[in-house]
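**Q** Letter 360 of the sequence shown, counting from 1, is numbered 659 in this note's numbering, and no numbers are missing. For each residue, glycine too, the CB sits at the ideal point set by N, CA and C.
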Amino acid sequence: MRQTITQRNHGSNTSDISIRDVVAPLFRHRRTLLTTFFSLLVLTTLIGVLKGYSYRSHMAILVNRERLDPLVSTEATTQQVTTSTPVTPEEVNSEIELLTSRDVLEQVARENGMDKIPNGFSLEKLLHPNRTEQDRLALAVKALAANIKTKVTTKTNIIEVTYSSSDPQLAYGVLNSLGRLYTAKHVAVHRPAGSYNFFATQTDKYQKQLEDAEDKLRAFAKQNGTAAPDVQITNMSLQLANSIGAQHAAQQAIAADEKRIQNDREQMSKTPQRSATTQMSSSADKLLDDLQASLLAAQTKRTQLALKYDEKYPLVQEADQEIAETKAAIAKAESTRYVTQSTDRDPTFELLREDLAKSQSDLAAQRAALAASKTGIQNLQSQMVNLDQLSIEQQDLLREAKSDETNYLLYEGKREQERATDALDNTRIANVAIAVPPAIPVLPQYGLSIILLAAFGLSLAVSLATVYTLDYMDSSFHTPAQVVETLGIPIVISVPRKTA
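Shown next, in the form of structure tokens:
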């Protein structure tokens, strides 16, 4: 019956609700209203006073591109410094993730003693006596992750970080440790660890190799007695070219001398060694004189014999025969002439002989020069081959020294870059900076007036909700009008309830 009445009452028209109808439940349940209101007011005020004095510390981090770290590479790199590229939201979000990373929060909790067991009596000791330090550290990290608030200011590269705590020193200490540890984390993440030691080791290695290569070059020069085989090869090449030219000239001269000697000999065979210089011809005068005297004597003798003897006398005939022979001898002598001729050495033959002797001498000299030239050429070629081998060895040593020097200079430059980067890391010069460092908060986050106002509003809202809920759940009639509306019977008289 009560359920039916309640349903009818709830299903009736409520469009004509008056202020009296709204206020009436408050008066009907005023005791509940006041009890709930004042109880909640006292309770929330106490909680606000005990826990509501929260101190908030603030810190601002600027993400920029003030520093450009060199690429960690074993090759020579040339980086172009460009500051016009803005910081992207992804980079800012990455910095936020680094800021709230677990390892950073663990170090913050340890530095601020949030993982330690509180001294004296505590509710934690009572409720969780077996909780370990790791458990407390995990809870502290969870609390830090929940209470550390990060926000990126609109159209800026500034990350605002806040942390609230009932202890102002703890609020400041958490953000101070967080900023310092985050900066170190940023530096460690953006630069690989041990890069300076690696480049320092490589620099020392190639410096030692460069010194060894230079020692080999010095020993090479001392052992072989030459410092520049290439220069000597160039000079010997010129000498060899001149020697080959001299050899060809000697061969040509030898051929010319041989041909000249042959020609001289041919001409000498045709040229007399001597030639007449004067020639005189004369008759046999003395013989004629002697024959004339003999003829005269023979004629005188015949005359004397003719005086004494007859012409047929043998002595006269003998005298006649003697006269005839003498006359024949005189005639023969008169027809015979004597030529006197003087000779001397032929000048053409002498010139040919002298030229032949000179050509033979030149030929011997040219042949000797040719033999010496051939020997010199062979020696030069042999020396050039040896120098070529020495040049190859020296080039290998020079190439090795040059390679070691290039690597040494490269790694030395890399080491100096890493040294400068480490110096920047040690001085905390990075692409993030603590723009606004945290400070110890002096004033609480909420004052007493705000706490009382919040407690009053909360108590009033909860007490009103409680009263209206109780009135809604109550199915009894409170006014005669409700009886008439619900049951449809007239009310003659109503008697209000009196409280004792």
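Exposed or buried, which one is residue 478 when buried takes at least 16 other CB atoms within 10 Å?
**A** By the 10 Å Cβ count, residue 478 comes out buried.
**Q** Using only the alpha-carbon positions, how far apart do residue 780 and residue 762 sit?
**A** If I take the Cα positions, the gap works out to 27 angstroms.
**Q** List the whole-angstrom C-beta distance separating residue 543 from residue 676, where the pair is believed to meet the contact cut-off of C-beta under 8 angstroms.
**A** So it is a contact: roughly 6 angstroms between Cβ atoms.
**Q** So is residue 766 buried or exposed if we call it buried at 16+ other beta carbons inside 10 Å?
**A** Result: buried.
**Q** Excluding the 5 residues preceding and the 5 following residue 647 in the sequence, name in chain order all residues of the same chain whose CB lies nearer than 7 angstroms to its CB.
**A** So the list reads 570, once near-sequence residues are dropped.
**Q** Between the alpha carbons of residue 668 and residue 519, how many angstroms are there, rounded?
**A** Roughly 36 angstroms separates the two Cα atoms.
**Q** With DSSP run on the structure shown, which of helix, strand or coil describes residue 612?
**A** Three-state result, residue 612: coil.
**Q** Report back the beta-carbon spacing between residue 679 and residue 539 to the nearest angstrom; my notes put them in contact at under 8 angstroms.
**A** About 5 angstroms; that satisfies the 8 angstroms criterion.
**Q** State the Cα-Cα distance for the pair residue 728 and residue 394, rounded to the nearest angstrom.
**A** Note that residue 728 scores 47 on pLDDT, short of 50, meaning its location in the model is unreliable and no value can be drawn from it.
**Q** Rounded to whole angstroms, what is the Cα-Cα separation between residue 390 and residue 404?
**A** Cα to Cα, residue 390 sits roughly 20 angstroms from residue 404.
**Q** Within its chain, find whatever has a CB closer than 8 angstroms to the CB of residue 736; leave out the 5 residues flanking it on each side and keep chain order.
**A** The answer, listed in chain order, is 358, 475 and 478.
**Q** Give the single residue among 653, 397 and 532 whose Cα lies nearest to the Cα of residue 800.
**A** No information on residue 800 is available, as it lies outside the stretch 300 to 799 that the chain covers here.
**Q** Please report the straight-line C-alpha distance between residue 451 and residue 399, rounded to a whole angstrom.
**A** The alpha-carbon atoms of residue 451 and residue 399 are separated by roughly 14 angstroms.
**Q** State the CB to CB distance for the pair residue 408 and residue 443, rounded to an integer number of angstroms; the pair is presumed to be in contact (CB under 8 angstroms).
**A** 6 angstroms between Cβ atoms; contact.
**Q** Tell me where the beta strand (DSSP E) around residue 362 begins and ends.
**A** Looking at the DSSP string, the run of the beta strand (DSSP E) that includes residue 362 is 354-362.
**Q** Which two residues bound the contiguous alpha helix (DSSP H) that contains residue 568?
**A** That run of the alpha helix (DSSP H) goes 528-569.
**Q** In terms of residues, what are the limits of the alpha helix (DSSP H) holding residue 395?
**A** Run containing residue 395: 388-398, per the alpha helix (DSSP H) assignment.
**Q** DSSP state of residue 346, grouped into three classes?
**A** Helix, per DSSP.
**Q** Can you name the start and end residues of the beta strand (DSSP E) that residue 448 belongs to?
**A** 448-451 is the span of the beta strand (DSSP E), which, as asked, contains residue 448.
**Q** Kindly indicate the opening and closing residues of the beta strand (DSSP E) around residue 461.
**A** Unbroken beta strand (DSSP E) run through residue 461: 457-464.
**Q** Which partner residues of residue 735 appear in the DSSP bridge assignment?
**A** Paired residues: 359.
**Q** Rounding to the nearest angstrom, what Cα-Cα distance links residue 591 and residue 624 in this structure?
**A** Looking at the two C-alpha atoms, the distance is approximately 12 angstroms.
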